[in-house]
Every structure is written in structure tokens, then in C-alpha cells.
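J.:
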Amino acid sequence: MTPFMSPVIISIILAAASLSAFLTWFLIHIRNLKIVTAYKSKIHHLQTTLDLERENFKQQTNAQQQLAHVFSTLSSEALRNNNDTFLQLAQENLKQFQIKAETTLDTKEKAIENLLKPIHDALHKTEQQIHEIENDRKQSFGALNQHLESLAKAHEQLQGETRNLVTALRRPEVRGKWGELTLKRVVELAGMIDRCDFFEQPASHSDQGLLRPDMIVRLPNEREIIVDAKTPLDAYLNAIEASDDATQQAELTRHAKNVRARIKELASKAYWHQFKQAPDFVVMFIPGEQFLSAATDIDRDLIEYALKQKIIISTPTTLVALLRAVAYGWRQQSLEKNAEQIKQLGEELYTRVAKFTEHLTNIGKSLGKTVEHYNMSIGTLERQIIPCARKMEELGIEADKSPELADQIETNVREIQAELPSKHKSDSSQATDSHSTTAVKKSNTIDDGKKTSNEANKSHPQLSDS
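Read in order, the letters of the sequence shown are residues 1 to 466 in the UniProt record's numbering.
Here it is, written out as C-alpha cells:
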């Protein structure tokens, strides 16, 4: 009996468990279905609310745009009406004052034009002077560049001519003449002949006899530079023609000694004692760069020895530079004369500017007094005439047109803020004090006029509205 009943019981138990599980799932499904339905209902409600809010926002935005457009139109129209009214009143108030001021301003304008004409002429003349000086400067620098280029070409030509003249230079008198001609050629290249500011072969007597330098270069301020040409070329020419190095070296050594001997000989003449306007040195001109370089290659102290003897050794290149510097000094002296004329014109211009400033100050004072009297007239009108007109209106007198009040002019004449030079400080301080006093008076008059105008407006609103 027990073995037979076990499957049935088991089946019943399984059926009961299955039913219980189904009931549990069914209850859970029903509860979840209710929750989903509730959420869907809430979502639909929120979506509806959101649509309503969007519609309200759109309507508010449209309303705001319409209000902004209406406000912009109204404000523009009101501003335009106010501007037209203000401009009309301003034109009517200033018309009478402008008619009175035109005559005075025309007279002052003509006076100012007559005063400025000499200043304009002086400025034009000064500008022309400066333009001429600038042109001279440009021409001078352009000429200097051209001379430097010519110097380079001339240097090459001098080297070629030196080779051609080797045979002729064996004779001392020919060498001396060649040195003088080379010196003159250098002066021509420097542009000193046209100015005629040098002399050739002047003579001076001393205890040693007749001193005859080859050239005197005249400097500005009556100063002079002594130039003496030397051509110790015997040993140098022998060195060029030497067939071996030993002979060439010996001849170059003798050439350096000859140059040193010429320096000593020239120093013994002491030209600076005979020519009082000359500085305490003499220029020894050697007509070739190669002659000096050959001597200095052997005698390294040759230049220093010459300086101790108050001798400056010069070659064509360095002498041209020296003479160009002298020519530049002459041009600077010419420019100084023009600068003196410019200084005089500047002083004359300064005097005229001072006179113009005085007239301009007087014009400012006159304008200030005109404004002051105008404001005082407005105050008299408000204090004395308008009350009488008000009483006449109260007594029944009628007129086609009511009187209109003019505005006060509160713009002051601009004062000069820049500080004048020291010698006019006292005048400028007095002018400033007078301007300050006038400004105080104007301020008081304006304040009195404002008070009277306010009282008149309070007591008679009709006149204020008109």
C-alpha cells in the first residue's frame, strides 16, 4: 500500500507547487502591470504639461518681441521730436546773438589775418633757408662720394704713371718738380683750387736763410697748414732694379735712412716759428704710397720718430682726406653764416608770436566780457521785465505772441594752458589772474541767473512751458 501511494502523493505535491508558482508569477505580473500603467499615465501627464509650458514660452517670447518693437518705435519717435524741438529753440535763441557777434568777429578775423601774414612770410623764408641748407648738405655728401671714387681711380693712374716715370725720376730736379705736380694734382682732386684757399711756393726769411715750403693750405679763422713735398727716391729706384734680394734689401734700408734724414731736415726748419698762424707741425708729402710703405717695412719706428719731430708724413690718399676735411670746414663756416640768419629770423618770429599772443588774449577777454554782459541782460530780463509782463497778462492784456526766454550762455572762453617762456611769466600770470577774476564773475552771474530763472518758472508755469 505504501509503495503504491508514493507516486500519487508526489504528483499532488508537484501539482500544488506548480500551482503555487503560477499564482505567485501571476500576482507579480499583475502588480508590475499596474506600476507600468501608473508610470505611463504620469509620463503622459508630464508630456502634456511640457507642451503647455512650451506653448506659453513661445507666446511670451512673441509678446516680448512685440513689446520691444513697440518700445523702440516709441522711443525713436520721442527722441526725434525732442531733438527737433531742442534744435529749433537753440537756433532761435542764438540767432540774435550771432547777428551781433558776426560784425565783431569779422573785424577781429581781418586783424588776425593781417597779424599772421608777416609770420607766415617769415616761416616761408625760414623754410626756404632750411631747404637750401639741406640741398647743400646733400650735394656736399654726393660730391664727397664722387671724390672718393675719383680718388680710387686716380690711385691706379698714379701707380701706372710712377712706373712710366722711373727713368725720368733719376734726376733730382725732375723728382722735385714731379713731387710739386703730384701735390698740385692731389689738391685738384680734393677740390681746393676752385675755392682758392691755398698758395704754392711762398717764401719766409729766418736765421737759417730763405724758407720755402711747397704749399700753404689756408684754414678757416685765418689758420694755416704747411706742406712740403719730399722725393727721396734714389735708393728706392735702385731697389726696384736690383737683380738679387741682398742688393734690393740693402737699397731699401738706405731708402728708409734717406726718408728719416728728410724728416730730420724738415724738422730743423721749424716752419711753425716763421708762420705764426700755423700749428706746431708740418706735413711732409711723399708722392706715392709705395715709397712710404717700403720705408716703414724696414724702419718700424719711422712714423713715431716723425711725430716726435712734429712731422706728419702724408701720401696722396691721406693728403686728399686732410684737404677734404679742410674743404668741409670751409663749408661748415658758410653754413654757420646761414645759421646766423636763421637765428635772426627765429628771434623776429618769436617777437611776432608774442605780439600775436597779446592780441589773442585781448580777443579772449572781449569775448568773455560779451558773454558776461549777455548773461547779465538775461538776469535783468528775468528779474525786472518778465514780472511786469506777467502783471500785464494778469490785467487782461492780450498779445499775438508771448515773449520767449533765451537761454544763458555757460561756455567760457578757453584759457591757454601752455606755460609761456620765463621772460613773459609776469605778463602771463597777470593775464591768468584777470581770466580767473572774469571766470569767477561769470560763475556768479550764471548762478544768479539760474536762481532767478527757477523762481520765475515756479511763480509762472505758463512762461516756463513756453
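The C-beta atom is built at its ideal place from N, Cα and C for all residues, glycine as well.
Quickly, what does DSSP pair Phe-285 with across the bridge? List them, please.
T.: Along the sequence shown, read from residue 1 onward, the residue named residue 285 stands at position 285. Per DSSP, Ala-229, Ser-314.
J.: Met-392 lies in the alpha helix (DSSP H); which residues open and close that run?
T.: Sequence index remark: in the sequence shown, residue 392 carries index 392 (1-based). That run of the alpha helix (DSSP H) goes 386 to 394.
J.: If you follow the beta strand (DSSP E) that Arg-218 is in, where does it begin and where does it stop?
T.: Translated into positions along the sequence shown, residue 218 becomes position 218. Residues 215 to 219.
J.: Expressed to the nearest angstrom, what Euclidean distance is found between the alpha-carbon atoms of Met-392 and Thr-380?
T.: Counting from one through the sequence shown, the residue named residue 392 turns up at place 392. Counting from one through the sequence shown, the residue named residue 380 turns up at place 380. In this structure, the alpha-carbon of Met-392 lies about 18 Å from that of Thr-380.
J.: Would you mind giving the Cβ-Cβ distance between Gln-146 and Arg-223, rounded to the nearest angstrom? I have them listed as a contact below 8 Å.
T.: If you number the sequence shown from 1, residue 146 lands on position 146. If you number the sequence shown from 1, residue 223 lands on position 223. The pair is not a contact, with the Cβ atoms about 27 Å apart (cut-off 8 Å).
J.: Look at the Cβ atom of Thr-231, then the Cβ atom of Arg-175, and state whether they are nearer than 8 Å.
T.: Against the sequence shown, residue 231 aligns to sequence position 231. Against the sequence shown, residue 175 aligns to sequence position 175. Judged by beta-carbon spacing, Arg-175 lies within the 8 Å limit of Thr-231, meaning their Cβ atoms are closer than that value.
J.: Just tell me which of Phe-57, Ala-339, Glu-156, Arg-260 has its CA closest to the CA of Glu-304.
T.: Locating residue 304 in the sequence shown gives position 304, counting from the first residue. Answer by Cα proximity: Arg-260.
J.: What number of angstroms, rounded off, separates the C-alpha of Ala-16 from the C-alpha of Ile-30?
T.: Against the sequence shown, residue 16 aligns to sequence position 16. Against the sequence shown, residue 30 aligns to sequence position 30. Near 21 Å, if we compare the C-alpha coordinates of Ile-30 and Ala-16.
J.: Buried or exposed, going by whether 16 or more other CB atoms sit within 10 Å of the CB of Ser-20?
T.: Taking the sequence shown and counting its residues from 1, one reaches residue 20 at position 20. Note on Ser-20: under 16 other CB atoms within 10 angstroms of its CB, so exposed under the neighbour-count rule.
J.: Can you give me the C-alpha to C-alpha distance between Glu-394 and Asn-81, rounded to a whole angstrom?
T.: To locate residue 394, count along the sequence shown from 1; it is residue 394. To locate residue 81, count along the sequence shown from 1; it is residue 81. When the Cα atoms are used, Glu-394 and Asn-81 turn out to be separated by approximately 32 Å.
J.: Can you look up Arg-262 in the DSSP assignment and give me helix, strand or coil?
T.: One-based indexing of the sequence shown puts residue 262 at position 262. Of the three classes helix, strand and coil, the one that applies to Arg-262 here is helix, per DSSP.
J.: Measure the Cβ-Cβ separation of Leu-115 and Phe-356 and say whether it is below 8 Å.
T.: The residue given as residue 115 occupies position 115 in the sequence shown. The residue given as residue 356 occupies position 356 in the sequence shown. A contact, by the Cβ cut-off of 8 Å.
J.: In whole angstroms, what is the alpha-carbon distance linking Trp-330 and Thr-296?
T.: Against the sequence shown, residue 330 aligns to sequence position 330. Against the sequence shown, residue 296 aligns to sequence position 296. Looking at the two C-alpha atoms, the distance is approximately 34 Å.
J.: Assign Ser-429 to one of two classes, buried (16 or more other C-beta atoms within 10 Å of its C-beta) or exposed (fewer than that).
T.: Locating residue 429 in the sequence shown gives position 429, counting from the first residue. Summary for Ser-429: the model assigns pLDDT 43, below 50, so the residue's position carries little reliability; its value from the coordinates is reported in the next sentence. Exposed, since its Cβ has fewer than 16 Cβ neighbours within 10 Å.
J.: Report yes or no: do the segment 281 to 289 and the segment 226 to 244 share at least 3 C-beta pairs separated by less than 8 Å?
T.: yes
J.: By the DSSP assignment, the alpha helix (DSSP H) with Lys-177 in it spans what residues?
T.: Residue 177 sits at position 177 when you count from the first residue of the sequence shown. Lys-177 -> alpha helix (DSSP H) spans 172 to 190.
J.: What does Arg-223 pair with, by DSSP beta-bridge criteria?
T.: Translated into positions along the sequence shown, residue 223 becomes position 223. Looking at the DSSP output, Arg-223 sits in a beta bridge with Leu-219.
J.: Just how far apart, CA to CA, sit Ile-363 and Lys-100?
T.: For the purposes of this step, residue 363 is taken as the residue at position 363 of the sequence shown. For the purposes of this step, residue 100 is taken as the residue at position 100 of the sequence shown. For Ile-363 and Lys-100, the distance between alpha carbons rounds to 16 Å.
J.: On the criterion of 16 or more Cβ atoms from any shown chain inside 10 Å, does Leu-50 qualify as buried, or is it exposed?
T.: Position 50 of the sequence shown, counted from the start, is the residue given in the question as residue 50. Flag for Leu-50 reads exposed.
J.: Please report the straight-line C-alpha distance between Ser-314 and Val-186, rounded to a whole angstrom.
T.: Here residue 314 refers to the residue found at position 314 of the sequence shown. Here residue 186 refers to the residue found at position 186 of the sequence shown. C-alpha separation (whole angstroms): 11 Å.
J.: Ordered along the chain, which non-local residues of its own chain (more than five positions away) have a Cβ less than 8 Å from that of Asp-118?
T.: Against the sequence shown, residue 118 aligns to sequence position 118. The amino acid occupying residue 118 in the given sequence is Pro; Asp does not appear at that position. For Pro-118, where only same-chain residues beyond five positions count, the Cβ hits under 8 Å are Arg-352.
J.: Quick check on DSSP: helix, strand or coil for Phe-141?
T.: Your numbering for residue 141 matches position 141 in the sequence shown. Residue state, collapsed to three classes: helix.
J.: Taking the straight line between their C-alpha atoms, what separation do you get for Thr-103 and Glu-109?
T.: Within the sequence shown, residue 103 is the residue found at index 103, counting from 1. Within the sequence shown, residue 109 is the residue found at index 109, counting from 1. Distance between the alpha carbons of Thr-103 and Glu-109 is about 10 Å.
J.: So Leu-252 packs on Ala-321, CB below 8 Å; how close in whole Å?
T.: The sequence position of residue 252 within the sequence shown is 252, counting from 1. The sequence position of residue 321 within the sequence shown is 321, counting from 1. The pair is not a contact, with the Cβ atoms about 27 Å apart (cut-off 8 Å).
J.: Helix, strand or coil, according to DSSP, for Ile-397 in the structure here?
T.: Position 397 of the sequence shown holds residue 397. In this structure, Ile-397 counts as coil in the three-state DSSP scheme.
J.: So, with DSSP's three-state summary, where would you put Ser-243?
T.: The residue labelled residue 243 in the question sits at position 243 within the sequence shown. Here Ser-243 sits in coil by DSSP.
J.: Can you tell me where the alpha helix (DSSP H) with Lys-308 in it begins and where it stops?
T.: Within the sequence shown, numbered from 1, the residue matching residue 308 stands at position 308. Taken as a continuous stretch (DSSP letters only), the alpha helix (DSSP H) holding Lys-308 covers 302 to 308.
J.: Name the two residues that bound the continuous alpha helix (DSSP H) containing Gln-277.
T.: Within the sequence shown, numbered from 1, the residue matching residue 277 stands at position 277. Neither: Gln-277 is in no alpha helix (DSSP H) and is coded neither H nor E.
J.: In three-state terms, what does DSSP make of Arg-212?
T.: Residue mapping note: residue 212 aligns to position 212 of the sequence shown, counting from 1. Looking at Arg-212 - three-state DSSP - the assignment turns out to be coil, as it is neither helix nor strand.
J.: Would you check if the distance between the CB atom of Pro-213 and the CB atom of Ile-193 is smaller than 8 Å?
T.: As a position in the sequence shown, residue 213 is number 213, starting the count at 1. As a position in the sequence shown, residue 193 is number 193, starting the count at 1. Taking 8 Å as the Cβ cut-off, Pro-213 and Ile-193 do not qualify as a contacting pair.
J.: Run through DSSP, which three-state label would Ala-325 get?
T.: The residue given as residue 325 occupies position 325 in the sequence shown. Helix at Ala-325.
J.: I want to know whether the segment 326 to 342 touches the segment 128 to 136 - three or more CB-CB distances under 8 Å.
T.: yes
J.: Tell me whether Ala-152 sits in a helix, a strand or coil according to DSSP, three-state version.
T.: As a first step, residue 152 must be located in the sequence shown, where it is residue number 152. It is helical.
J.: Determine the direct distance from the alpha carbon of Gln-249 to that of Asp-280, and round the result to whole angstroms.
T.: Within the sequence shown, residue 280 is the residue found at index 280, counting from 1. Within the sequence shown, residue 249 is the residue found at index 249, counting from 1. Looking at the two C-alpha atoms, the distance is approximately 35 Å.
J.: Within 10 Å of its beta-carbon, does Arg-170 have 16 or more other beta-carbons around it, so buried, or fewer, so exposed?
T.: What you label residue 170 is simply residue 170 of the sequence shown in a count that begins at 1. The residue is exposed, with fewer than 16 neighbouring Cβ atoms inside 10 Å.
J.: Compute the Euclidean distance between the alpha carbons of Ala-354 and Ala-122, then round it to the nearest angstrom.
T.: Residue numbering aside, residue 354 sits at position 354 when the sequence shown is read from its first letter. Residue numbering aside, residue 122 sits at position 122 when the sequence shown is read from its first letter. Using only the alpha carbons, I get a separation of about 14 Å.
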